[in-house]
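Trainee: Here our numbering runs 64 ahead of the position in the sequence shown, where the first position is 1.
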Amino acid sequence: MRPSALPDATSAPQERGSIGEVFAAFVKLGLTSFGGPVAHLGYYRQELVIRRRWLDEATFADLVALCQFLPGPASSQVGFSLGVLRGNGLLGGLAAWLAFTLPSALIMFAFALGAAHFTGPVAEGFLHGLKLVAVAVVAQAVWGMAQSLTPDRPRAAIALAALSFVVLFPGSLAQISAIVLGAVLGLWLCRGEASAVPGRLNFPVTRLNGSVALCLFAAVLLATPIAAAATGSHALAVFDAFYRSGALVFGGGHVVLPLLQSEVVTPGWVSNEAFLAGYGLAQAVPGPVFTFAAYLGAVMNMPPNGAAGATIALVALLLPGMLLVYGMLPFWDSFRTRPAAQAAMRGTNAAVVGILGAALYSPVWTSAVATPRDFALALLGFLLLTVWKLPSWTVVLLLTAAGTLSSLI
65 MRPSALPDAT SAPQERGSIG EVFAAFVKLG LTSFGGPVAH LGYYRQELVI RRRWLDEATF
125 ADLVALCQFL PGPASSQVGF SLGVLRGNGL LGGLAAWLAF TLPSALIMFA FALGAAHFTG
185 PVAEGFLHGL KLVAVAVVAQ AVWGMAQSLT PDRPRAAIAL AALSFVVLFP GSLAQISAIV
245 LGAVLGLWLC RGEASAVPGR LNFPVTRLNG SVALCLFAAV LLATPIAAAA TGSHALAVFD
305 AFYRSGALVF GGGHVVLPLL QSEVVTPGWV SNEAFLAGYG LAQAVPGPVF TFAAYLGAVM
365 NMPPNGAAGA TIALVALLLP GMLLVYGMLP FWDSFRTRPA AQAAMRGTNA AVVGILGAAL
425 YSPVWTSAVA TPRDFALALL GFLLLTVWKL PSWTVVLLLT AAGTLSSLI
């Protein structure tokens, strides 16, 4: 991710800036960062390491490693942490998070408001095209993640075990169990020499503040389902569903698909058709894929929905990842060198590949591919993404156009 034509940034100073500077830089990134989490990291490096020289290459690489290790949206966590670094604390991180998230969240919310009035053959074709986009994008994610996260027989076996477990025992509890199983199998099967860990993180976060953030993460995770059951509040149930999903997402934005599908489609809060249409559109907007939550919260068939539902869902999905990365910043240097931690993470990442593979079959494939024409279009989208390397938004335009045209023929 370092083109040779770019100037060297290994000696860039790590200075502090203003909250306004952080917000302005991340608004620009939020409006222009197309292409998903990996592409976002490239945009960050170009804009903040090379051009603005906010930090050096070693610190950036180490920060990316931390956010890849933790559950949550890696690109949003890296952005939040860069805001903490440049803005000298939590307010800087919040400014970066808000600025990077808001543009795509507003687009997804607007789509949710208009979806109910978007009817007829053209609308049906357009929405079906978005579901085919979801097939292509998730297949690309499974393909790419399998190559990088299951490169050997033990990790491939863990992925297969996780896939089989989730298929045989559907539901969010099975997915959580598969992740835990992956970590346990990783400790057994994926031990080896510890990987080299370059760089050192030096962020303005004390161990006390980090500990408070980690305790808050755990307290919310444990207390919210109890409070929701005791009060019968649907708002708390929605917050719990999205928070739990955000707390268990290893491997990037696409992995949230099976978790959220289990939480909102299975209980009937959102129809599967609306779910996949929104997920397809999320590939075409800049910024984090997790803003899909704003769409889901808005289209729910019972209150809180609309603006309130969108806000609850979006904050709940992103909050655990931010608490985790803020809490881990002061501890990461010592933790990341432990062979057991590295082995467990290898197993967890392999399990994530299996879970996403199961989601590719159901609900993504089973809901979108009904005819040979659907199969051909989904395959076209996959090849455009993996072979021709076209950006996601281009594939969205092509497949929605094809779906619309197909509905009119």
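A virtual CB, placed ideally from N, CA and C, is assigned to each residue, including glycine.
1. Select from Val86, Ser471, Ala138 the residue whose C-alpha is nearest the C-alpha of Gly153.
2. For Leu127 versus Val148, is the C-beta spacing smaller than 7 Å?
3. Among Val197, Val199, Pro352, Ser140, which has the Cα closest to the Cα of Val389?
4. In this structure, how does DSSP classify Asn273 when only helix, strand and coil are distinguished?
5. Does the distance from the C-beta atom of Ala163 to that of Phe90 stay below 7 Å?
6. In terms of residues, what are the limits of the alpha helix (DSSP H) holding Phe339?
7. Where does Val451 fall in DSSP's three states?
8. Is the beta carbon of Phe39 less than 7 Å from the beta carbon of Leu381?
9. When DSSP labels each residue in this structure, what does Asp304 get in the three-state scheme?
10. Out of curiosity, what's the CA-to-CA distance linking Val276 and Ala414?
11. Specify the secondary structure class of Asp438 as computed by DSSP and reduced to three states.
12. Using 8 Å as the cut-off, can you tell me whether the stretch 441-450 makes contact with the stretch 195-210, which would need three or more C-beta pairs spanning the two stretches below that distance?
13. Quick one: what's got a C-beta closer than 6 Å to Arg410's C-beta in the same chain, skipping five residues either side?
14. Give the range of the alpha helix (DSSP H) segment to which Leu393 is assigned.
15. Pull up the CB-CB distance for Gly342 and Phe356, whole angstroms please, since I reckon it's below 8 Å.
16. Please report the distance separating the alpha-carbon of Glu327 from that of Ala169.
17. Exposed or buried, what is Thr435 when buried is set at 16 or more other beta-carbons lying within 10 Å of its beta-carbon?
18. Helix, strand or coil for Cys131? Go by DSSP, reduced to three states.
19. With burial defined as no fewer than 16 other Cβ atoms inside 10 Å of the residue's Cβ, what is the status of Ile290: buried or exposed?
20. Distance check for Ser426 and Ala407, CA to CA, integer angstroms please.
21. Counting only runs that start and end within the stretch 205-258, where is the alpha helix (DSSP H) found for 4 or more residues in a row?
22. Helix or strand or just coil, what does DSSP make of Gly351?
23. Between the beta-carbon of Val206 and the beta-carbon of Leu424, is there less than 7 Å?
24. Roughly how many angstroms separate the alpha carbons of Ala338 and Ser241, rounded to a whole number?
25. Determine the direct distance from the alpha carbon of His104 to that of Phe267, and round the result to whole angstroms.
26. I need the straight-line Cα distance from Ala301 to Gly370, nearest angstrom please.
27. Give me the Cβ distance between Gly246 and Met392, rounded to the nearest whole Å; I'm assuming they're in contact under 8 Å.
28. Taking only the alpha-carbon atoms, compute the straight-line gap between Leu454 and Leu345 and give it to the nearest angstrom.
29. Taking the straight line between their C-alpha atoms, what separation do you get for Leu469 and Trp452?
30. Do Ser431 and Leu340 come within 7 Å of each other at the CB atom, strictly closer than that value?
Mentor: The structure says:
1. Val86
2. no
3. Cα-wise, what sits closest to Val389 is Ser140.
4. helix
5. yes
6. 336-346
7. coil
8. Residue 39 falls outside the range modelled here, since the chain spans only 65 to 473, and no answer is possible.
9. helix
10. 30 Å
11. helix
12. yes
13. Same-chain partners within the cutoff: Gly250, Cys254.
14. No alpha helix (DSSP H) contains Leu393, which DSSP labels as neither H nor E.
15. 6 Å
16. 20 Å
17. exposed
18. helix
19. exposed
20. 29 Å
21. 217-232, 236-253
22. coil
23. Going by C-beta atoms, Val206 is nearer than 7 Å to Leu424.
24. 28 Å
25. Each residue's Cα considered, the two are about 21 Å apart.
26. 16 Å
27. Rounded, the Cβ-Cβ distance is 20 Å, inconsistent with contact.
28. Between the C-alpha atoms of Leu454 and Leu345 there is a straight-line separation of about 16 Å.
29. C-alpha of Leu469 to C-alpha of Trp452: approximately 23 Å in a straight line.
30. yes
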